[in-house]
Amino acid sequence: MEYDLVVIGSGPGGYIAAIRASQLGLKTALIEKYKTLGGTCLNVGCIPSKALLDSSEHYHNALHKFPVHGINLKGMTIDFSAMMLRKNEVVAQMNSGTAYLMKKNKIDVFTGVGSFTDTKTIKVTSADKKESILNTKYTIIATGSKPASLPGLNLDKKRIISSTEALNLKEIPKSLIVIGGGVIGLELGSVYARLGTKVSVVEYMDSVIPTMDRALGKELQRTLKKLGFEFYMKHKVTGVENKGKKVVLKAENAKSENIELEAEYCLVAVGRKPYTEGLGLENAGIKTDEKGRIPVDEKLQTKTANIYAIGDVIAGPMLAHKAEEEGVFVAEVISGQKPHINYDLIPGVVYTWPEVASVGQTEEQIKEAGLPYKTGTFSYKANGRAVANMDNNGFAKVISHQETDEVLGVHIIGPRAADIIGEAAVAMEFRASAEDIGRICHAHPTFSEALKEAALDATDKRSLNS
Ligand code: FAD
Ligand code: NAD
């Protein structure tokens, strides 16, 4: 079979690339080794985790917030299997939506492992060992990533688990140890903590979500402690053992003191690694780097001119929206267009409650770069909507250039931060000053007014409500 473009991997990078290519008139095929489309994000990542975050938040609110509103639900119980079933249905609905989009865009989908036999030929091997050969002018590798583990640790998927198993537990654990206070650890930790699990986080660094602006991690840790999280910061894990119905974790702190923790499960959430197994890269003249990533140039082109790579399998933040942007970018490059991605403005969101969201540079990065800057903050305690909604934890922080007032970074922890950060991204894409944001009329009462007020505070300390 002859194609203009073959995309290997149907995650948010791959399936979006295929759609854009087809829109631009390329005869396109998409190869996915699993039966369902959508990759990590749809099947075992973004979507199922957000479905469970939503369910667990409803439960938490019903238990702790409803009574304050005068709503008493006596004898409330959780049907955990119903919660999981809803999550599975959400995923299934999105799976069929993606399959529909492939049909609608006339993209040929092949189910099986895609492997290069040479730079222009890809063999697809299905689960029942049937083979198809695809000849193609261009290929996009979008094979994503898999959970990383720690040296010497046996991730047995029974008691010592990754996010994939944590999204599919059969019972609500009484206790859960989480290794890694990053995005996965805190999101999935939140799901179970809200359902009553005792969650203990063991983190190597001195801050949770350590790559985000430090002020955010500090505030998030404070609110998660209130939810019942225990934190063991600056602890290095030295071993984890499956002891049948429980796990035992050993760790060492900065003073070389040893601790031992016990729980029913241990979730390993220490990052993800690029996935290229079975791709036959050696037949395509491509070598991975020291981190297992596929090296690409600024056009996302590999060493082999007709082969491109996008998403988690290349360098950069492992985020679905970054993969999507890259998918569109490469489809347009191949079609002769001159697209652009602004890697400085890829928002990052942690879907805990309160939500955490950032775009642009952190205060630590700006300091290190030696840029003159000013900051403005606004607490949700003074935001009318947040008070009315009993959701007034957190703040918005705007950092702008000392001389030009151009916004350099926006960091928010608070209700609906995930949605508000979009406004900051638009403003920064158009190189707005803090005053520009402060002068835009924001509806009242809304959570987004916190961003306006923080921007006014950064402009010249003229917040109107604090
Ligand atoms: P993937 O989504 O990993 O897709 C790659 C696909 O390629 C897979 O389906 C795989 O089966 C297939 N494949 C691999 N090799 C072959 C082969 N040889 N032949 C055929 N098929 C192959 N990101 C966000 O932005 N927001 C979130 O809220 C978020 N939540 C997450 C929650 C969890 C628990 C996890 C684990 C991740 C989350 N992420 C989130 C990250 C996000 O899922 C990834 O960044 C994103 O899926 C990367 O997309 P991708 O297209 O590069 O690869
Ligand atoms: P992460 O990089 O966000 O966090 C890993 C954490 O583990 C870090 O805090 C790190 O310091 C810590 N760590 C590393 N080694 C350790 C050790 N030996 N002992 C203790 N702690 C250790 O990675 P993750 O949470 O596994 O997520 C993986 C990827 O998936 C991330 O790149 C993330 O962007 C993506 N993801 C995104 C979202 C989202 O956008 N909301 C949600 C989930 C996952």
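Taking our numbering, the leading residue of the sequence shown gets -15, the next gets one more, and so forth.
All C-beta atoms in this analysis are idealised placements derived from N, C-alpha and C, irrespective of residue type, glycine included.
- Using a C-beta cut-off of 8 angstroms, the stretch 196 to 206 makes contact with the stretch 371 to 383, since at least three inter-stretch Cβ pairs fall below that distance.
- Contact holds between the stretch 311 to 325 and the stretch 1 to 10, because three or more Cβ pairs, one in each stretch, are under 8 angstroms apart.
- Assignment of beta-bridge partners to N237 by DSSP yields H219.
- Boundaries for F64: no beta strand (DSSP E) harbours it, while the alpha helix (DSSP H) harbouring it runs 64 to 88, taken from the DSSP string.
- Segment contact: the stretch 327 to 337 against the stretch 167 to 187, three or more CB-CB distances shorter than 8 angstroms; contact assigned.
- F50 sits in a helix when the DSSP states are folded into three classes.
- If the five residues before and after E225 are omitted, its C-beta is found closer than 6 angstroms to the C-beta atoms of V232, all from its own chain and listed in chain order.
- Around the C-beta of I424, fewer than 16 other C-beta atoms lie within 10 Å, and the residue is accordingly described as exposed.
- Per DSSP, the unbroken beta strand (DSSP E) holding G393 starts and ends at 391 to 398.
- With respect to A238, I161 sits apart: the two C-beta atoms are not nearer than 7 angstroms.
- For L251, no alpha helix (DSSP H) segment is defined; the enclosing uninterrupted segment is the beta strand (DSSP E) at 249 to 252.
- Looking at L57, K58, R70, the one whose alpha-carbon comes closest to that of I31 is R70.
- If you compare the alpha carbons of G300, A299, G276, T272 with that of T288, the shortest gap goes to T272.
- Straight across, the Cα-Cα distance linking I163 with G59 is about 34 angstroms.
- With contacts defined by Cβ atoms closer than 7 angstroms, S(-6) and G29 do not form a contacting pair.
- For the set R256, G96, G81, E433, the Cα lying nearest the Cα of G166 is the one of R256.
- Taking 6 angstroms as the cut-off, one finds no heavy atom of the ligand FAD near enough to the beta carbon of V93.
- Contact annotation: A442 and K358 have beta-carbon atoms nearer than 7 angstroms.
- Judged by their CB atoms, G128 and V297 are nearer to each other than the 7 angstroms cut-off.
- K17 and V97 have their C-alpha atoms some 5 angstroms from each other.
- Where G422 is concerned, the enclosing alpha helix (DSSP H) starts and stops at 418 to 423.
- I0 is not a Cβ neighbour of E413, given a cutoff of 7 angstroms.
- Rounded to the nearest whole angstrom, the CA to CA distance from V(-10) to A76 is 25 angstroms.
- In the DSSP secondary-structure assignment, E16 is bridged to T95.
- Our two residues, E390 and E419, have alpha carbons roughly 9 angstroms apart in a direct line.
- Using a 10 angstroms sphere on the CB of E261, the tally of other CB atoms stays under 16, which defines it as exposed.
- When secondary structure is reduced to three states using DSSP, Y259 falls in the coil class, being assigned neither helix nor strand.
- L329 and P323 have their C-alpha atoms roughly 15 angstroms apart.
- Beta-bridge annotation (DSSP): T123 is paired with V(-10), I291.
- In this structure, F362 sits near A434, with a CB-CB distance shorter than 7 angstroms.
- Each residue's CA atom was taken as its position, placing Y43 and T101 some 52 angstroms apart.
- If you check the C-beta of A409 against the ligand NAD, you find no heavy atom less than 6 angstroms away.
- At least 7 angstroms separates the beta-carbon of K218 from that of E236.
- Note: S133 is not bridge-paired with any residue in the DSSP secondary-structure output.
- Per DSSP, the continuous alpha helix (DSSP H) segment holding K306 begins and ends at 304 to 318.
- A straight line joining the alpha-carbon of V252 with that of K229 spans about 17 angstroms.
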